[in-house]
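Enquirer: Residue numbers for the sequence shown follow the numbering used here, so the first one is 328 and each next one is one higher.
All residues carry an ideal CB built from backbone N, CA and C; glycine is no exception.
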Amino acid sequence: MGIDKESDVSANLQIGPTTLGMVRIYVEGNGIDLPLDFDPDEAEEIADEIRAAAISARSMTTKKGPKRR
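1. Judging by CA-CA distance, which residue of Glu371, Thr345, Arg378 and Ile377 is the nearest neighbour of Asp364?
2. Are the beta-carbon atoms of Asn306 and Gly358 separated by less than 8 angstroms?
3. Using a threshold of 8 angstroms, state whether the C-beta atoms of Pro362 and Val350 are closer than that.
4. Just to confirm, are Ile342 and Ile352 a CB contact at a threshold of 8 angstroms?
5. Can you tell me whether Asp335 is helix, strand or coil according to DSSP?
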């Protein structure tokens, strides 16, 4: 599956600090139990990438018009 393919898979996402000073992104779903730990600098880089992707996604929906549910 690629990043631009729709999927019916659902998962829960939790993000928070660990007691060791790391930032944990925790993904849990059907058959998935994935803790991902990052140092704070890496976590900020990931946050920047998420913001950039959100800006790009927003511009795509603006050009095509908002999606209706």
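Expert: Taking the geometry as given:
1. Ranking the options by Cα distance to Asp364, first place goes to Thr345.
2. Look at the range of the chain in this structure, 328 to 396, and you will see that residue 306 is not part of it.
3. No, these two residues do not count as a Cβ contact at 8 angstroms.
4. Cβ distance < 8 angstroms, so Ile342 and Ile352 count as in contact.
5. Here DSSP, grouped into helix, strand and coil, assigns Asp335 to coil.
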